[in-house]
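Participant:
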Amino acid sequence: MISADGTSVRINGDAIDSNFGVPETGDFLEGLDLRSEPFDDWRRAEASRLSNATAPQAKAAVQDTSANDIFENPSVLVMGFVPASPDHQDVSFATGLVIDLRTSLSLWRWFPVIAPEAIGWKTDRDGDLREIATSVGAAYAISGAIRRSGERIRVSASLTEVGRGHLIWTESFDGEMSDVFDMQEAIGQAVVARVTPEIGRAESARIIRQRPANMAAWQLLAQTDELERTGGEGYGSPESNRAQVPLLEEAIRLEPNYARAWARLGRYYFRSALQGWIEDRDAAFEKALGYCERAVKADPTEWEGQALLAMTMIFGTHAFGPGKFHALEAVRLNPSSPYARHGCGCVLEWTGEAEEALHHLRAIFDLNPNYPNRAAALGDITTCELFAGHIEAAVESARQLRDIAPDYCRGLQRAAVTLGHAGEIDEAAEVLERVLALQPDLDEAYVRETYPYARPEHVEVILDGLRRAGWRG
Numbered sequence: 421m422i423s424a425d426g427t428s429v430r431i432n433g434d435a436i437d438s439n440f441g442v443p444e445t446g447d448f449l450e451g452l453d454l455r456s457e458p459f460d461d462w463r464r465a466e467a468s469r470l471s472n473a474t475a476p477q478a479k480a481a482v483q484d485t486s487a488n489d490i491f492e493n494p495s496v497l498v499m500g501f502v503p504a505s506p507d508h509q510d511v512s513f514a515t516g517l518v519i520d521l522r523t524s525l526s527l528w529r530w531f532p533v534i535a536p537e538a539i540g541w542k543t544d545r546d547g548d549l550r551e552i553a554t555s556v557g558a559a560y561a562i563s564g565a566i567r568r569s570g571e572r573i574r575v576s577a578s579l580t581e582v583g584r585g586h587l588i589w590t591e592s593f594d595g596e597m598s599d600v601f602d603m604q605e606a607i608g609q610a611v612v613a614r615v616t617p618e619i620g621r622a623e624s625a626r627i628i629r630q631r632p633a634n635m636a637a638w639q640l641l642a643q644t645d646e647l648e649r650t651g652g653e654g655y656g657s658p659e660s661n662r663a664q665v666p667l668l669e670e671a672i673r674l675e676p677n678y679a680r681a682w683a684r685l686g687r688y689y690f691r692s693a694l695q696g697w698i699e700d701r702d703a704a705f706e707k708a709l710g711y712c713e714r715a716v717k718a719d720p721t722e723w724e725g726q727a728l729l730a731m732t733m734i735f736g737t738h739a740f741g742p743g744k745f746h747a748l749e750a751v752r753l754n755p756s757s758p759y760a761r762h763g764c765g766c767v768l769e770w771t772g773e774a775e776e777a778l779h780h781l782r783a784i785f786d787l788n789p790n791y792p793n794r795a796a797a798l799g800d801i802t803t804c805e806l807f808a809g810h811i812e813a814a815v816e817s818a819r820q821l822r823d824i825a826p827d828y829c830r831g832l833q834r835a836a837v838t839l840g841h842a843g844e845i846d847e848a849a850e851v852l853e854r855v856l857a858l859q860p861d862l863d864e865a866y867v868r869e870t871y872p873y874a875r876p877e878h879v880e881v882i883l884d885g886l887r888r889a890g891w892r893g
């Protein structure tokens with residue numbers, strides 16, 4: 421009835437009794453305990469769904485908030501908040517507060533949350549709020565400002581319905597620096613109560629995130645948020661990434677179980693391995709794996725740690741099955757994160773599930789039309805469209821990638837492959853020429869090592885596409 425290989429466990433559908441249904445008494449899989457919170461969450465949601473299916477007249481107390489459902493609901497844009505002053509400390513504080521607020525809203529998992537990166541971190545002082553929000557398709561926009569006096573802070577927040585330009589809620593919150601998490605919670609509660617009122621009757625659907633006990637550690641993370649925001653597109657500059665390391669190490673010294681700090685440290689070494697910032701690639705992946713595992717162990721709800729762990733497993737150790745689990749978990753925890761969507765789409769590409777990968781990859785640009793790592797996302801989309809047999813869509817993505825990232829060698833390789841398979845030989849040859857100018861030593865060993873797809877036939881698609889473009893490697 422069950423078959424398994426190195427990457428998956430499958431049920432033989434022919435061996436299942438099609439008359440099997442929901443038991444007449446008791447909840448779905450009641451009494452089965454796998455000591456796994458993701459399993460328990462799924463079992464509870466499935467039990468609720470089946471219960472509602474057998475009693476359609478009863479209103480569900482808890483909505484199934486799967487990642488696929490959020491785009492059915494109105495989207496909420498979190499704008500940048502006006503900082504107390506141009507001082508670096510005040511700007512970093514505002515950045516950290518907004519990023520935490522965005523994540524807090526995302527963890528409800530009921531509606532898309534569009535991050536301030538999508539609008540270039542504009543505040544409501546940088547232009548017409550309705551025009552800014554409309555440019556990214558938001559139905560609601562959250563704006564605000566921060567004032568500080570020593571350890572005292574005031575956070576003012578407003579919620580605007582974009583279509584009518586109607587201010588539907590505004591409030592100010594006063595307190596000490598240590599009250600910042602309670603302020604974020606109050607703002608989030610106020611927003612969701614007005615965007616999706618029934619959410620108040622489904623509190624259990626929200627992921628409850630662990631808070632750092634040490635505010636100094638949180639402020640150090642806020643500084644890394646600002647370095648990340650200003651570090652450049654994609655992965656940012658090597659310098660902006662390295663500057664984050666001592667801040668993260670100090671945060672961990674102050675709070676040894678700070679999951680997000682461990683995840684960010686893992687992020688630095690993962691990027692270093694991919695980008696060649698550290699000479700010993702294997703050692704960098706090993707560090708990234710260890711730090712991300714530490715993050716997830718400290719807090720299994722840390723979506724960033726889950727996403728980075730998934731990517732490190734795929735690229736560093738080719739652990740397709742575990743990588744897929746953590747990638748899907750990252751999206752379950754935070755379906756509004758473009759980074760989680762990108763990580764999940766990339767992982768599913770490597771495991772050979774192109775159509776499902778495309779679902780997540782396309783969602784990136786719904787959540788952030790200005791996604792900073794869009795060239796890499798387009799590379800994944802191009803290849804997945806090709807694997808799925810969508811040749812016209814693959815060619816369109818390949819051309820877009822070629823035009824916006826003429827020096828992104830990895831993406832150009834994928835564009836050359838796609839154009840070669842599409843019969844656009846002249847274009848393919850032109851792109852390949854650029855690839856070889858950037859990477860003269862491109863050979864078959866490189867392709868097999870750095871395109872380690874779970875399905876060997878997909879590696880052959882890459883090699884065949886390059887050869888059709890004129891490659892002689």
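Just add 420 to wherever you are in the sequence shown, counting from 1, and you've got the working numbering. Where a beta carbon is used, it is the ideal one built from N, C-alpha and C, also for glycine.
#1: What's the call for Gly893, buried or exposed, on a 16-neighbour Cβ count within 10 Å?
#2: So the beta strand (DSSP E) Asp520 belongs to, where does it begin and stop?
#3: Within its chain, find whatever has a CB closer than 8 Å to the CB of Val881; leave out the 5 residues flanking it on each side and keep chain order.
#4: Roughly how many whole angstroms lie between the Cα atoms of Ile519 and Leu768?
#5: Write down the C-beta distance between Glu648 and Gly656 rounded to the nearest angstrom, noting that I regard them as a contact closer than 8 Å.
#6: To the nearest angstrom, report how far apart Leu821 and Asn793 are at their CA atoms.
#7: Drop a sphere of 10 angstroms on the beta-carbon of Val429, count the other beta-carbons inside from all chains shown, and report buried for 16 or more, exposed for fewer.
#8: Tell me which residue opens and which closes the beta strand (DSSP E) that Arg568 is part of.
#9: For Arg752, count neighbouring Cβ atoms within 10 angstroms of its own Cβ and tell me buried if that reaches 16, exposed if not.
#10: Of the residues Arg584, Val575, Ala538, Arg567, which one's Cα is nearest the Cα of Tyr560?
#11: Please name the residue, chosen from Val716, Pro758, Ser757, that lies closest to Phe745 on a Cα-to-Cα basis.
#12: Classify His841 as helix, strand or coil using the three-state DSSP reduction.
#13: Would you kindly check if the distance between the Cβ of Ala693 and the Cβ of Gly743 is under 8 Å?
#14: Tell me the residue span of the beta strand (DSSP E) that contains Thr590.
#15: Taking C-alpha atoms, which residue in Gln695, Gly696, Gln726 lies nearest to Leu709?
#16: Rounded to whole angstroms, what is the Cα-Cα separation between Pro532 and Leu787?
#17: Considering only the alpha carbon of each residue, which of Ala577, Ala637, Arg631 lies closest to Gln404?
#18: May I ask you to list the residues that DSSP assigns as paired with Arg574?
#19: For Val575 versus Ile534, is the C-beta spacing smaller than 8 Å?
#20: Quick one, which of Ile539, Trp589, Leu781 has its alpha-carbon nearest Ser817's?
#21: Quick check on DSSP: helix, strand or coil for Glu653?
#22: Among residues of its own chain, excluding the 5 on either side of Gly620, which ones have a beta-carbon nearer than 7 Å to its beta-carbon?
#23: Starting from Val665, trace the alpha helix (DSSP H) both ways and give me its first and last residue.
#24: Tell me, please, which residues DSSP counts as bridged to Val533.
#25: Which runs of the beta strand (DSSP E), 3 residues or longer, sit entirely within the segment 711-791?
#26: Does DSSP classify Ala424 as helix, strand or coil?
#27: Which residues bound the alpha helix (DSSP H) around Ser417?
#28: Going by DSSP, name the residue or residues bridged to Thr580.
#29: Could you check if Thr543 is buried or exposed, using at least 16 other CB atoms within 10 Å of its CB as the buried criterion?
#30: Give the straight-line distance between the Cα atoms of Thr803 and Ile824, rounded to the nearest whole angstrom.
#31: Going by C-alpha to C-alpha distance, which of Ala424, Ser423, Leu452, Phe491 sits closest to Pro755?
#32: In this structure, what does DSSP give as the bridge partners for Val502?
#33: Near Phe601, what residues of its chain come up, given a Cβ to Cβ distance below 7 Å and the 5 sequence neighbours on each side ignored?
#34: Between which two residues does the alpha helix (DSSP H) harbouring Asp489 extend?
#35: Taking three-plus beta-carbon pairs below 8 Å as touching, is the segment 543-558 in contact with the segment 674-686?
#36: DSSP three-state label for Ile431, please.
Facilitator: So, to answer that:
#1: Residue numbering aside, residue 893 sits at position 473 when the sequence shown is read from its first letter. Exposed, since its Cβ has fewer than 16 Cβ neighbours within 10 Å.
#2: The residue given as residue 520 occupies position 100 in the sequence shown. Bounds of any beta strand (DSSP E) do not take in Asp520; it lies within the alpha helix (DSSP H) bounded by 508-526.
#3: On the sequence shown, position 461 is the one that residue 881 refers to. Closer than 8 Å at Cβ, skipping near neighbours: Leu806, Phe807, Val837, His841.
#4: Your numbering for residue 519 matches position 99 in the sequence shown. Your numbering for residue 768 matches position 348 in the sequence shown. The alpha-carbon atoms of Ile519 and Leu768 are separated by roughly 27 Å.
#5: As a first step, residue 648 must be located in the sequence shown, where it is residue number 228. As a first step, residue 656 must be located in the sequence shown, where it is residue number 236. Between Gly656 and Glu648 the Cβ distance is about 6 Å, and since that is below 8 Å, they are a contact.
#6: One-based indexing of the sequence shown puts residue 821 at position 401. One-based indexing of the sequence shown puts residue 793 at position 373. Here the alpha carbon of Leu821 sits roughly 11 Å from the alpha carbon of Asn793.
#7: Taking the sequence shown and counting its residues from 1, the one referred to as residue 429 is at position 9. With fewer than 16 other Cβ atoms inside 10 Å of its own Cβ, Val429 counts as exposed.
#8: Here residue 568 is taken as the residue at index 148 of the sequence shown, counted from 1. Run containing Arg568: 560-569, per the beta strand (DSSP E) assignment.
#9: Here residue 752 refers to the residue found at position 332 when the sequence shown is read from its first residue. Buried: at least 16 other Cβ atoms inside 10 Å.
#10: Your numbering for residue 560 matches position 140 in the sequence shown. Comparing Cα-Cα distances from Tyr560 to each of Arg584, Val575, Ala538, Arg567, the minimum goes to Arg584.
#11: For this step, residue 745 is matched to residue 325 along the sequence shown. Measuring C-alpha to C-alpha distances from Phe745 to each of Val716, Pro758, Ser757 identifies Val716 as the nearest.
#12: By one-based count along the sequence shown, residue 841 stands at place 421. Reduced to three states, the DSSP call for His841 is helix.
#13: Residue mapping note: residue 743 aligns to position 323 of the sequence shown, counting from 1. Residue mapping note: residue 693 aligns to position 273 of the sequence shown, counting from 1. The answer is no: Cβ separation not under 8 Å.
#14: Taking the sequence shown and counting its residues from 1, the one referred to as residue 590 is at position 170. Start and end: 586-596.
#15: For the purposes of this step, residue 709 is identified with residue 289 of the sequence shown, where counting begins at 1. Taking the Cα of Leu709 as reference, the smallest distance to any Cα among Gln695, Gly696, Gln726 is reached at Gln726.
#16: If you number the sequence shown from 1, residue 532 lands on position 112. If you number the sequence shown from 1, residue 787 lands on position 367. Rounded to whole angstroms, the separation of the alpha carbons of Leu787 and Pro532 is 7 Å.
#17: Any answer about residue 404 is impossible in this case: the structure gives the chain only from 421 up to 893.
#18: Sequence index remark: in the sequence shown, residue 574 carries index 154 (1-based). For Arg574, which the question treats as bridged, DSSP gives the partners Arg567, Asp594.
#19: Residue numbering aside, residue 575 sits at position 155 when the sequence shown is read from its first letter. Residue numbering aside, residue 534 sits at position 114 when the sequence shown is read from its first letter. Annotated as distal: Val575 and Ile534, with beta-carbon spacing of 8 Å or more.
#20: Numbered from its first residue, the sequence shown carries residue 817 at position 397. Of the candidates Ile539, Trp589, Leu781, the one whose C-alpha sits nearest the C-alpha of Ser817 is Leu781.
#21: Residue mapping note: residue 653 aligns to position 233 of the sequence shown, counting from 1. Taken through DSSP and simplified to helix, strand or coil, Glu653 comes out as coil.
#22: Within the sequence shown, residue 620 is the residue found at index 200, counting from 1. Low confidence applies to Gly620: its pLDDT is 49, below 50, so where it sits in the model is not reliable, and the reading given next is rough at best. Closer than 7 Å at Cβ, skipping near neighbours: Ala613.
#23: Reading the sequence shown from its first residue, position 245 is the one you call residue 665. In the DSSP assignment, Val665 falls within the alpha helix (DSSP H) that extends over 658-674.
#24: To locate residue 533, count along the sequence shown from 1; it is residue 113. Answer is Val496.
#25: Runs found: none.
#26: The sequence position of residue 424 within the sequence shown is 4, counting from 1. Three-state DSSP puts Ala424 in a strand.
#27: Because the chain spans 421 through 893 in this model, residue 417 falls outside it and cannot be assessed.
#28: As a working mapping, residue 580 is identified with position 160 in the sequence shown. According to DSSP, which records beta bridges pairwise, Thr580 is partnered with Ala561, Leu587.
#29: Reading the sequence shown from its first residue, position 123 is the one you call residue 543. Buried is the label assigned to Thr543, since at least 16 other Cβ atoms lie within 10 Å of its Cβ.
#30: Locating residue 803 in the sequence shown gives position 383, counting from the first residue. Locating residue 824 in the sequence shown gives position 404, counting from the first residue. Rounded to whole angstroms, the gap between the alpha carbons of Thr803 and Ile824 is 17 Å.
#31: The residue given as residue 755 occupies position 335 in the sequence shown. Looking only at Ala424, Ser423, Leu452, Phe491, the smallest Cα-Cα distance to Pro755 is reached by Phe491.
#32: Working through the sequence shown from its first residue, we reach residue 502 at position 82. In DSSP, Val502 forms a bridge with Ala565.
#33: As a first step, residue 601 is located in the sequence shown; it is residue number 181 there, counting from the start. Cβ neighbours of Phe601 beyond the five flanking positions: Arg631.
#34: Along the sequence shown, one-based indexing puts residue 489 at 69. Run containing Asp489: none; DSSP gives neither H nor E here.
#35: Here the segment 543-558 makes no contact with the segment 674-686; the two share fewer than three CB pairs at distances below 8 Å.
#36: Sequence index remark: in the sequence shown, residue 431 carries index 11 (1-based). Strand at Ile431.
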